[in-house]
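According to full-length UniProt numbering, the stretch in the sequence shown is residues 1 to 190, in order. Just so you know, even glycine gets a beta-carbon here, dropped at the ideal spot from N, CA and C. Because the structure is a prediction, the values reported are computed rather than measured. Below is one structure; the comments refer to it alone.
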Amino acid sequence: MNFVETRLAKLARNGDRRAFGELVDLYKDKIYHLAYRMLHNVQEAEDVVQETFLRVYTNLNRYDETQKFSTWIYRIGTNLCIDRLRKRKASYSLDAEVNDSEGTDWYSMLASGDRSPEGELLLSETQEQVRRAIDSLPEKYKSAVILRYMHDMSLQEISEVLDMPVTTVKTRVHRGREYLRDRLEKESLL
1 MNFVETRLAK LARNGDRRAF GELVDLYKDK IYHLAYRMLH NVQEAEDVVQ
51 ETFLRVYTNL NRYDETQKFS TWIYRIGTNL CIDRLRKRKA SYSLDAEVND
101 SEGTDWYSML ASGDRSPEGE LLLSETQEQV RRAIDSLPEK YKSAVILRYM
151 HDMSLQEISE VLDMPVTTVK TRVHRGREYL RDRLEKESLL
């Protein structure tokens, strides 16, 4: 896969629009899900996807073919999300209603079975508490935790995406997990 992406990036750099279109097809959903999980807003997630591909297109000449294309594009998307979170931090409310059902989020991927209405309500409340806990993570832990647990990236991959040492990533994932555990215990979820 990496070889194919590198080849597509080379072709796109040389003006091959179809190759760039294939890169978009390969990554648009992945970048959307990353952005939606970080921002919890459909419109902002869509904007991040567009901004990401605009930056990829205008900076293809800067892509280092010795690194994975996925790492490079995830770094761009993650940084755009972090920028948006910083900009809205002053007006962002952790209690904001984020109950839009547009877009797929990771809660919908939980195993489903035939549950009673009471079970559905309990699951829904639990999902909302987990979502609020993740929303409340300090910014420096949030991206590492989302990339690790929602995108199933290795610590090394996260290190490359966030451009920081693996030891720092490991610490942030650990502290983020501890923060979530404490927060959820206070809400008596664990």
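Discussion item. Is it buried or exposed, residue 209, if we count other Cβ atoms within 10 angstroms and call 16 or more buried?
Written reply: Look at the range of the chain in this structure, 1 to 190, and you will see that residue 209 is not part of it.
Worksheet item: Do you know offhand how far Y141's Cα is from K170's?
Response: The residue labelled residue 141 in the question sits at position 141 within the sequence shown. The residue labelled residue 170 in the question sits at position 170 within the sequence shown. If I take the Cα positions, the gap works out to 10 Å.
Worksheet item: Would E5 be called buried (16 or more neighbouring beta carbons within 10 Å of its own) or exposed?
Response: Against the sequence shown, residue 5 aligns to sequence position 5. Classification for E5: buried.
Worksheet item: Residues in its own chain within less than 7 Å of E187 by CB, not counting five upstream and five downstream?
Response: In the sequence shown, the residue the question calls residue 187 occupies position 187. The beta carbon of E187 lies closer than 7 Å to those of Q129 in the same chain, with the five residues before and after it left out.
Worksheet entry | Close-in-space but distant-in-sequence residues of the same chain around L155 (CB under 6 Å, 5 per side omitted) | Numbered from 1 along the sequence shown, position 155 holds the residue referred to as residue 155. Non-local C-beta neighbours of L155 in its own chain, meaning closer than 6 Å and more than five positions away in sequence, comprise V166, V169 and K170, ordered along the chain.
Worksheet item: So, is M109 buried or exposed, given that buried needs 16 or more other C-beta atoms within 10 angstroms?
Response: Here residue 109 is taken as the residue at index 109 of the sequence shown, counted from 1. Caution is warranted here: a pLDDT of 41 is assigned to M109, below 50, making its placement in the model unreliable, and the coordinate value is therefore given only provisionally. Classification for M109: exposed.
Practice prompt. With a 10 Å radius around its C-beta and 16 neighbouring C-beta atoms as the bar for buried, classify E160 as buried or exposed.
Written response: Here residue 160 corresponds to residue number 160 of the sequence shown, with the count starting at 1. Looking at its Cβ environment, which holds 16 or more other Cβ atoms inside 10 Å, E160 is buried.
Practice prompt. Report the rounded CA-to-CA distance for A19 versus N41, giving the unit in angstroms.
Written response: Residue mapping note: residue 19 aligns to position 19 of the sequence shown, counting from 1. Residue mapping note: residue 41 aligns to position 41 of the sequence shown, counting from 1. Cα to Cα, A19 sits roughly 29 Å from N41.
Worksheet item: Considering only the beta carbon of each residue, do A35 and V49 sit closer than 8 Å?
Response: Residue numbering aside, residue 35 sits at position 35 when the sequence shown is read from its first letter. Residue numbering aside, residue 49 sits at position 49 when the sequence shown is read from its first letter. Between A35 and V49, the C-beta spacing is below 8 Å.
Worksheet item: Nearest to K30 by CA position, among E185, L11, M153 and L184, is which residue?
Response: On the sequence shown, residue 30 is found 30 positions in, with the first residue counted as 1. Comparing C-alpha distances from K30 to each of E185, L11, M153 and L184 shows the shortest one belongs to M153.
Practice prompt. Starting from the Cα of D183, find the closest Cα among Y149, A144, L137 and F69 and give me that residue.
Written response: The residue labelled residue 183 in the question sits at position 183 within the sequence shown. In the sequence as presented, Asp is not what sits at residue 183; that position holds Arg. Of the candidates Y149, A144, L137 and F69, the one whose C-alpha sits nearest the C-alpha of R183 is L137.
Worksheet item: For A111, which residues from the same chain have a beta carbon less than 7 Å from its beta carbon, with the 5 sequence-adjacent residues on both sides left out?
Response: The residue you call residue 111 lines up with position 111 of the sequence shown. In this predicted model, A111 has a pLDDT of only 42, less than 50, meaning its place in the structure is not dependable enough to derive any value.
Practice prompt. Jot down the residue ranges of each uninterrupted alpha helix (DSSP H) in the stretch 9 to 77, minimum 4 residues, whole runs only, in chain order.
Written response: The DSSP assignment places 17 to 39 and 42 to 58 as complete runs of the alpha helix (DSSP H) inside the stretch 9 to 77, in order along the chain (cut-off: 4 residues).
Worksheet item: Can T78 and L162 be called in contact, C-beta distance under 8 Å?
Response: Along the sequence shown, one-based indexing puts residue 78 at 78. Along the sequence shown, one-based indexing puts residue 162 at 162. Their beta carbons are under 8 Å apart, which means T78 touches L162 by this criterion.
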